[in-house]
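Peer 1: Please read through the structure below; I'll follow up with questions.
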Amino acid sequence: MRPIYLDNNATTRLDPIVLGAMLPFFTESFGNASSKHAFGAAASDAVRAARRQVGELIGAASDGELIFTSSGTEADNAALLSALETQSGRDEIVVSQVEHPAVLALCQELERSGRARIHRIPVDAVGALDVEAYRRALGPRVACVSLMWANNETGVVFPIERYATLAHEAGALFHTDAVQAAGKVAIGVARTHIDFLSLSAHKLHGPKGIGALYARKGVPFAPLLRGGRQERGRRAGTENVPAIAGFGKAAELAAKALREDMPRVAALRDSLERRIVSRIEGARFVGDRGSRVPNTLMVAFEYLESDPILVALDRCGIAASSGSACASGSMGPSHVLRAMKVPYTAAHGAVRFSLSRETTAADIDRVAEALPEIINKLRLPALAVQPRLGRTAVRGGAA
Ligand code: PLP
2 MRPIYLDNNA
12 TTRLDPIVLG
22 AMLPFFTESF
32 GNASSKHAFG
42 AAASDAVRAA
52 RRQVGELIGA
62 ASDGELIFTS
72 SGTEADNAAL
82 LSALETQSGR
92 DEIVVSQVEH
102 PAVLALCQEL
112 ERSGRARIHR
122 IPVDAVGALD
132 VEAYRRALGP
142 RVACVSLMWA
152 NNETGVVFPI
162 ERYATLAHEA
172 GALFHTDAVQ
182 AAGKVAIGVA
192 RTHIDFLSLS
202 AHKLHGPKGI
212 GALYARKGVP
222 FAPLLRGGRQ
232 ERGRRAGTEN
242 VPAIAGFGKA
252 AELAAKALRE
262 DMPRVAALRD
272 SLERRIVSRI
282 EGARFVGDRG
292 SRVPNTLMVA
302 FEYLESDPIL
312 VALDRCGIAA
322 SSGSACASGS
332 MGPSHVLRAM
342 KVPYTAAHGA
352 VRFSLSRETT
362 AADIDRVAEA
372 LPEIINKLRL
382 PALAVQPRLG
392 RTAVRGGAA
């Protein structure tokens, strides 16, 4: 049976067209993009073309606003550290409680070392930001706000353009982690108050190990990596030309897929959600139906642990993921689910299904058919020791 991959928020399959765009830069066009001969020119042409393609995906006003990085993580780190360094007299950062660790772990370290004071804004039960708390945090010492465009676990989308305007009104720079948003929702960065925006190629059928930071023209920038004059002096290190070329092609394909595939992906995701929630008692939807990316579905199965569910799915050839993160060696609900105050009885059984443009209706049918039986079987041993769980048994058994 064909394996079904529904873990696209973790990473996506490299599109064969993207691989085709990368291969020449491993072989005949292997030059260093800074070299002045024909080999170098071929490489720098490829980097220039990719910068344009990635810029178009997010509606950047000029290609020069894009800096290629090694990852989304590096882009997040570079944006926040640059803002702290360039905004004199401002040593505070505002983030949400549900940011990716690429932002939260950096903030924790900045706080620990005394370099910055961090405001962590809470979210409500559907994952929406507490806007009043956000407004209150926007004091005169805030150097930068960092709010993610779309959450990697729940898919919840923040109204980023509005939050960027509020940050600018307070004189702060605004960064958004758009790693999970790019290619899934329309981004037109030029018309907004966004100063920095992070991207990662491997979330949109591009290669791993390449990301980009959009840095608005005119916004002061302090490089994270110092050395050579690559990326106009904003990111030292010989360019990873094959990966950059792949990122460019992936961005071009993602822009097309946004128009042509994402409505279908959203319909498949909604169909999976309807079937899970209607056929499995004790399956709770987690997130905000009114504001989310088209590919992500998080469901929490009450009184179950997510690991055995994922193992059973894997045995059926279905790859999904949990909402749990292994924090300090002990498994527990993720910081996102804790921030949303998802009840303890459900948070442990959270499963994320993340689709892509490669997902088919047949894939979704197979998952919707396999899951009720899996949940039913896992609940039986629990029932023997705790009869009150009978409430959560699967209605009508396997579908
Ligand atoms: N930000 C978000 C929201 C993500 O989901 C991820 C990856 O999971 C990252 C940042 C990190 O990106 P990368 O894997 O390119 O470092």
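Position 58 of the sequence shown, counted from 1, bears residue number 59 in the numbering used here, the numbering being contiguous throughout. Glycine included, each C-beta is placed from N, C-alpha and C at the ideal position.
#1: Note down the Cα distance separating V19 from V343, rounded to an integer number of angstroms.
#2: Once you ignore the five residues that flank A328 on each side, which residues in its own chain have a CB closer than 6 Å to its CB?
#3: Determine the burial state of V104: buried for a count of at least 16 other Cβ atoms within 10 Å of its Cβ, exposed for fewer.
#4: Which class does F302 belong to by DSSP, given the choice of helix, strand or coil?
#5: Given a threshold of 16 other Cβ atoms within 10 Å of its Cβ, counted over all protein chains shown, does Q231 qualify as buried or as exposed?
#6: So what does DSSP say about R116, is it helix, strand or coil?
#7: How big is the Cα-Cα spacing for G249 and N241?
#8: Is G207 a contact residue of the ligand PLP, with contact defined as CB to any heavy atom under 7 Å?
#9: Can you list, in chain order, the residues of its chain with a C-beta nearer than 6 Å to that of A151? Leave out the 5 residues immediately preceding and following it.
#10: Indicate, with yes or no, if the ligand PLP has a heavy atom lying under 7 Å from the CB of A103.
#11: Look up C145 in the DSSP assignment and give the residues it is bridged to.
#12: Does the ligand PLP have even one heavy atom less than 7 Å from the beta-carbon of V143?
#13: Bridge partners of S355, per DSSP?
#14: What does the alpha-carbon distance come out to for the pair S362 and L269?
#15: What are the boundary residues of the beta strand (DSSP E) that A126 is part of?
#16: At which residues does the alpha helix (DSSP H) containing A268 begin and terminate?
#17: Just to confirm my understanding: we take L273, look at its own chain, exclude 5 residues before and 5 after, and list those with CB closer than 7 Å. What are they?
Peer 2: The relevant details are as follows:
#1: 39 Å
#2: Any reading at A328 must be qualified, since the residue scores a pLDDT of 44, below 50, and its modelled position is unreliable; no value is offered.
#3: buried
#4: strand
#5: buried
#6: coil
#7: 12 Å
#8: no
#9: V158, Q181, A182, V294
#10: yes
#11: I94, L174
#12: no
#13: D8, T297
#14: In the sequence as displayed, the identity of residue 362 is Ala instead of Ser. So the alpha carbons of these two residues sit roughly 7 Å apart.
#15: Run containing A126: none; DSSP gives neither H nor E here.
#16: 263-280
#17: L298, F354, I365, V368, A369
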